[in-house]
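To start, the structure under review is shown below, and the notes come after it.
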Amino acid sequence: MCYNNFFVLFAGGNKFLRTANKNVCQLRRFSVNGLEQSGNVDKRTLASAERKQRTFTDRSQLKYARRLVVKLGSAVITREDGNGLALGRLASIIEQVAECHHEGRECIMVTSGAVAFGRQKLTQELLMSLSMRETLSPSDHTREDAGSILDPRAAAAVGQSELMSMYEAMFSQYNVKIAQVLVTKPDFYNDETRKNLFCTLSELISLNIVPIVNTNDAVSPPMYIHDDTVVPGTGKKGIGIKDNDSLSALLAAEIQSDLLIMMSDVDGIYNKPPWEDGARMMHTYTSKEQVQFGQKSKVGTGGMDSKVNAATWAMARGVSVVICNGMQEKAIKTIISGRKVGTFFTDYATNSSISVDILAENARTGSRVLQGLSPSERASAIHSLADKLITKQDKILEANSKDLEEASKNGVAKPLLNRLSLSEGKLKTLAIGLKQIADSSYENVGRILRKTKLADNLVLRQVTVPIGVLLVIFESRPDSLPQVAALAMASANGLLLKGGKEAAYSNKALMELVKESLQTVGAEDAISLVSTREEISDLLAMEKHIDLIIPRGSSDLVRNIQKQSQHIPVLGHAEGICHVYLDKDADSAKALKIVKDAKCDYPAACNAMETLLIHEDHVSGSLFNDICNMLKSEGVKIHAGPKLSTQLTFGPPPAKTMRHEYGALECCIEVVKDLDDAVEHIHKFGSSHTDVIVTENDGAAKKFLSAVDSACVFHNVSSRFADGFRFGLGAEVGISTARIHARGPVGVEGLLTTKWILEGTDHTAAEFNEGKRNWLHEKMSVE
482 MCYNNFFVLF
492 AGGNKFLRTA
502 NKNVCQLRRF
512 SVNGLEQSGN
522 VDKRTLASAE
532 RKQRTFTDRS
542 QLKYARRLVV
552 KLGSAVITRE
562 DGNGLALGRL
572 ASIIEQVAEC
582 HHEGRECIMV
592 TSGAVAFGRQ
602 KLTQELLMSL
612 SMRETLSPSD
622 HTREDAGSIL
632 DPRAAAAVGQ
642 SELMSMYEAM
652 FSQYNVKIAQ
662 VLVTKPDFYN
672 DETRKNLFCT
682 LSELISLNIV
692 PIVNTNDAVS
702 PPMYIHDDTV
712 VPGTGKKGIG
722 IKDNDSLSAL
732 LAAEIQSDLL
742 IMMSDVDGIY
752 NKPPWEDGAR
762 MMHTYTSKEQ
772 VQFGQKSKVG
782 TGGMDSKVNA
792 ATWAMARGVS
802 VVICNGMQEK
812 AIKTIISGRK
822 VGTFFTDYAT
832 NSSISVDILA
842 ENARTGSRVL
852 QGLSPSERAS
862 AIHSLADKLI
872 TKQDKILEAN
882 SKDLEEASKN
892 GVAKPLLNRL
902 SLSEGKLKTL
912 AIGLKQIADS
922 SYENVGRILR
932 KTKLADNLVL
942 RQVTVPIGVL
952 LVIFESRPDS
962 LPQVAALAMA
972 SANGLLLKGG
982 KEAAYSNKAL
992 MELVKESLQT
1002 VGAEDAISLV
1012 STREEISDLL
1022 AMEKHIDLII
1032 PRGSSDLVRN
1042 IQKQSQHIPV
1052 LGHAEGICHV
1062 YLDKDADSAK
1072 ALKIVKDAKC
1082 DYPAACNAME
1092 TLLIHEDHVS
1102 GSLFNDICNM
1112 LKSEGVKIHA
1122 GPKLSTQLTF
1132 GPPPAKTMRH
1142 EYGALECCIE
1152 VVKDLDDAVE
1162 HIHKFGSSHT
1172 DVIVTENDGA
1182 AKKFLSAVDS
1192 ACVFHNVSSR
1202 FADGFRFGLG
1212 AEVGISTARI
1222 HARGPVGVEG
1232 LLTTKWILEG
1242 TDHTAAEFNE
1252 GKRNWLHEKM
1262 SVE
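Counting from 482, one number per residue, gives the positions in the sequence shown under the working numbering.
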């Protein structure tokens, strides 16, 4: 007795429960209640069974897929020129399937290609035959007739064995056994063959064999014939098998696959044919989406409408589906890792999971709305946000308390908790900064930087304009959100904000206030908060939508973003290795005060002192001891640089490296012989962020300020002044150590670029070449 498509998956061993002897297949699926009553199943099995009742809700869950069906379309199998199989592409796909198999996933492949493979082989033989016949007896047959006169059933009969031989050879390289399962449409509508088919598949999988399924095109009717025959014994209509898309969907549903990957020659589903204007790739598809379908594949039998119909049918039966381009490198593994490849089918998309592509497009449109507003209108939106930070602070602090509670449960370190925490004082300071930004809005967008009279009645202007769409990725600090939002409003930039999950409640509450403020000027889509489900790696690949990336967070975060972003420029700093140099002529009281503030005021900040450089004359004096005692009393752990270690018999442990950002109550102390040595040390080990000299020697100060090549260089003040608010910028979108566009704290001006506007009457370049008009190039006042 065989209960078709009734299975149970053990979470640990990934094997079917088989209550049978060699000749009997009896696979059972139990309900969640049934599993609970049995008392023999652990929580993971319960979770697995519960999950079977619905598809995954987002891509991040695809890594949990245990049973996987991979469908290869004819366009993936065959070469673009139609001459044989794409062996290199197939080898990559097989390698990925084998890797999934060895990870413990249960894999089934549904493959096309038999007809194409057989047709290619038979066409060659037929061409040779035609060539011989034409030589002996000329006829009306041409070489173009060869492929068209071949019966697809004959081609399938020849190609099927060749195709399986190739699969067996490729999989054997990875020590994976395969088995061929040929099916026809009647097999699914005959009760006995249906049971036998799925018992066979389950038995193969339990034996650690990868089944490779294909329609038996040598004996089956043409695949384009479609019907919705009622499945025997169920009274329900099955999906009509008209191609391998519908076959893979049926198989995936019947065996309760977690994931079906349908590989074709397109990147995914578009809202209209990709070659038409306005076509947009849909990374997420729900049954509510409206799609215009184009022509079918030039190689296979299924079109995009067939794929969508098959995918939605499978999705409705608990199978998650991704349609992707099988020609993309490592597509299967990339999809399973949660990356945004192809189109993911789900019916659980909500407003919070709107495609980030759409959010980016809205941000660009919103940017143009902001740009079209008057400066006073942009300022009013920012003032509105600043006021809401005060009037709705109870709501903000309530959300923040939830984040702090979650963070405490998860054991987040105290310095990070401090960065996560909001208070009435912080919100009040935020509001003051935002009002400063609002007041600066009157002199930003559309400001004339240069005006030149090129010739009579020909005037050229260079004016400031927004960069476009910004992506700001920040960690921990929810106060960054209103700051960056206000800067984007003032500079008329569209903005996507990607906050860390540790501040999810706070960010959501603050984002609601941003949206409310933007609604007052009709630009609510200009700024959006990207769901934490979006992978950063996907955002970094959106060069068509995002113009500039600004990371704010740990050095690891910034470095990773700078490394991953291949085409979008990144503005920021990877490290904040800031130095304070106590010159020979430093005042002791000033030195103690400045060093204490630079290290202890906010040790987690990127502008906190990490290395203290001391002139060698102070090592034997009282200042060195006073500095060390002060730092110890403040709880600062001291590390000694290599030169200092050689001068001390007893002292702090040696620093492992001189290029380290501690971000805590720790620092390094090193001795230098003079100012030049200090500058050389800063250039060798610093990060070009902020460096300070403490001295009463004006000549030494002037030389230090000129020689040190950092974004911020200070004299007799703490490094903690490297901040947008303290600079009078209202706030900062980040601190840049780059040497192009913007350096140091980046306010509104750092978020602007320029465009050239030329106005004339009927001027042409040829007139100047011919001497009919003369160049003037006169500078004009920009007032």
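Every residue, glycine too, gets a C-beta built ideally from N, C-alpha and C.
Inter-residue Cα distance where the pair is A973 and L851
For the purposes of this step, residue 973 is taken as the residue at position 492 of the sequence shown. For the purposes of this step, residue 851 is taken as the residue at position 370 of the sequence shown. So the two alpha carbons sit approximately 5 Å from each other.
Rank M1090, S1103, E1097, V837 by C-alpha distance to the C-alpha of I1119 and give the top, closest one.
Walking along the sequence shown from the start, residue 1119 turns up at place 638. Nearest of M1090, S1103, E1097, V837 to I1119, Cα basis: M1090.
Could you tell me how far apart the beta carbons of D748 and S801 are, in whole angstroms, since I believe they sit closer than 8 Å?
Mapped onto the sequence shown, residue 748 falls at position 267. Mapped onto the sequence shown, residue 801 falls at position 320. Not a contact, Cβ separation roughly 18 Å.
Just to confirm the assignment, what range does the beta strand (DSSP E) spanning L930 have?
Within the sequence shown, numbered from 1, the residue matching residue 930 stands at position 449. 929 to 936 is the extent of the beta strand (DSSP E) around L930.
If you run the structure through DSSP and keep just helix, strand and coil, what is S904?
Here residue 904 refers to the residue found at position 423 of the sequence shown. Of the three classes helix, strand and coil, the one that applies to S904 here is coil, per DSSP.
Could you name the residues of the same chain whose beta carbon sits closer than 8 Å to that of R586, not counting the 5 residues immediately before and after it, in chain order?
Here residue 586 refers to the residue found at position 105 of the sequence shown. Excluding sequence neighbours, R586 sits near N495, A546, R547, R548, L549.
Three-state secondary structure assigned by DSSP to P633
Taking the sequence shown and counting its residues from 1, one reaches residue 633 at position 152. It is helical.
Helix, strand or coil for R624? Go by DSSP, reduced to three states.
As a first step, residue 624 must be located in the sequence shown, where it is residue number 143. Reliability of the predicted coordinates at R624 is poor, the pLDDT of 42 falling under 50, and the value obtained from them is presented with this limitation in mind. In the structure shown, R624 sits in coil (DSSP, three-state: anything other than H, G, I, E or B).
According to DSSP, is N752 part of a helix, a strand, or is it coil?
Position 271 of the sequence shown, counted from the first residue, corresponds to residue 752. DSSP places N752 in coil when its eight states are reduced to three.
For G1211, three-class secondary structure by DSSP
On the sequence shown, residue 1211 is found 730 positions in, with the first residue counted as 1. Here G1211 sits in coil by DSSP.
Tell me T1092's beta-bridge partners as DSSP assigns them.
The residue given as residue 1092 occupies position 611 in the sequence shown. DSSP output for T1092 lists H1060, C1149 as bridge partner(s).
With H, G and I counted as helix, E and B as strand and the rest as coil, what does DSSP make of Q917?
Your numbering for residue 917 matches position 436 in the sequence shown. Assigned with DSSP and collapsed to three states, Q917 falls in helix.
M743 and I817 - do their beta-carbons sit closer together than 8 Å?
Here residue 817 corresponds to residue number 336 of the sequence shown, with the count starting at 1. Here residue 743 corresponds to residue number 262 of the sequence shown, with the count starting at 1. No.
Rounded to the nearest angstrom, what separates I1042 and T592 at their Cα positions?
Here residue 1042 refers to the residue found at position 561 of the sequence shown. Here residue 592 refers to the residue found at position 111 of the sequence shown. Distance between the alpha carbons of I1042 and T592: 38 Å.
Local conformation of Q943 per DSSP, three classes
By one-based count along the sequence shown, residue 943 stands at place 462. Q943 sits in a strand when the DSSP states are folded into three classes.
On the three-state DSSP scale, how would you describe Y670?
For this step, residue 670 is matched to residue 189 along the sequence shown. In the structure shown, Y670 adopts helical secondary structure according to DSSP, grouped into three states.
Would you decide whether S618 is buried or exposed? Buried here means 16 or more other CB atoms lie within 10 Å of its CB.
Counted from its first residue, the sequence shown places residue 618 at position 137. Model confidence at S618 stands at a pLDDT of 49, short of 50, so the residue's coordinates are unreliable; what they give is reported in the following sentence. Counting Cβ neighbours within 10 Å, S618 comes out exposed, since fewer than 16 surround it.
Extract the residue ranges of the beta strand (DSSP E) inside the region 671 to 702, only unbroken runs of 3 or more that lie entirely within it.
691 to 696
Span of the beta strand (DSSP E) holding G1225?
For this step, residue 1225 is matched to residue 744 along the sequence shown. In this chain, the beta strand (DSSP E) harbouring G1225 covers 1225 to 1227.
Helix, strand or coil for F1131 per DSSP?
Walking along the sequence shown from the start, residue 1131 turns up at place 650. Of the three classes helix, strand and coil, the one that applies to F1131 here is coil, per DSSP.
C-beta contact flag for G975 and A1182 at 8 Å
As a position in the sequence shown, residue 975 is number 494, starting the count at 1. As a position in the sequence shown, residue 1182 is number 701, starting the count at 1. The answer is no: Cβ separation not under 8 Å.
Which value, in whole angstroms, describes the spacing of the CA atoms of D724 and Q641?
Numbered from its first residue, the sequence shown carries residue 724 at position 243. Numbered from its first residue, the sequence shown carries residue 641 at position 160. Taking the straight line joining both Cα atoms gives about 16 Å.
Please report the straight-line C-alpha distance between V1175 and A1067, rounded to a whole angstrom.
As a first step, residue 1175 must be located in the sequence shown, where it is residue number 694. As a first step, residue 1067 must be located in the sequence shown, where it is residue number 586. The straight-line gap from Cα to Cα measures roughly 5 Å.
Mind checking which residues open and close the alpha helix (DSSP H) that includes D726?
Residue numbering aside, residue 726 sits at position 245 when the sequence shown is read from its first letter. Residues 725 to 735.
Between which two residues does the alpha helix (DSSP H) harbouring K552 extend?
As a first step, residue 552 must be located in the sequence shown, where it is residue number 71. That residue, K552, is in no alpha helix (DSSP H); its beta strand (DSSP E) goes 548 to 553.
Cα-Cα separation, A894 to A1086
In the sequence shown, the residue the question calls residue 894 occupies position 413. In the sequence shown, the residue the question calls residue 1086 occupies position 605. Going by the C-alpha atoms only, they are around 15 Å apart.
Look at the Cβ atom of I693, then the Cβ atom of V657, and state whether they are nearer than 8 Å.
On the sequence shown, residue 693 is found 212 positions in, with the first residue counted as 1. On the sequence shown, residue 657 is found 176 positions in, with the first residue counted as 1. Not a contact, by the Cβ cut-off of 8 Å.
Just to confirm my understanding: we take E1264, look at its own chain, exclude 5 residues before and 5 after, and list those with CB closer than 8 Å. What are they?
Sequence index remark: in the sequence shown, residue 1264 carries index 783 (1-based). Within the same chain, E1264 has no close Cβ partners at all.
Under the three-state reduction of DSSP, which class applies to R761: helix, strand or coil?
Looking up residue 761 in the sequence shown gives position 280. Three-state DSSP puts R761 in coil, outside helix and strand.
Between the CA atoms of D1037 and K1080 - distance to the nearest angstrom
Position 599 of the sequence shown holds residue 1080. Position 556 of the sequence shown holds residue 1037. Between the C-alpha atoms of K1080 and D1037 there is a straight-line separation of about 21 Å.
Helix, strand or coil for K895 per DSSP?
Stepping through the sequence shown from its first residue, residue 895 is reached at position 414. Helix.
List the endpoints of the continuous beta strand (DSSP E) containing H1196.
Here residue 1196 refers to the residue found at position 715 of the sequence shown. Where H1196 is concerned, the enclosing beta strand (DSSP E) stretches over 1193 to 1196.
Start and end of the beta strand (DSSP E) containing Q661?
Locating residue 661 in the sequence shown gives position 180, counting from the first residue. Unbroken beta strand (DSSP E) run through Q661: 659 to 664.
DSSP three-state label for S573, please.
Mapped onto the sequence shown, residue 573 falls at position 92. Helix at S573.
Around the C-beta of V1160, are 16 or more other C-beta atoms found within 10 angstroms, so that it is buried, or is it exposed?
On the sequence shown, residue 1160 is found 679 positions in, with the first residue counted as 1. Answer is buried; the Cβ neighbour count reaches 16.
For the putative contact between F1195 and T1218, defined by C-beta atoms under 8 Å, what is the C-beta separation to the nearest angstrom?
Translated into positions along the sequence shown, residue 1195 becomes position 714. Translated into positions along the sequence shown, residue 1218 becomes position 737. With a beta-carbon spacing of about 15 Å, F1195 and T1218 fall beyond the 8 Å limit used to define contacts.
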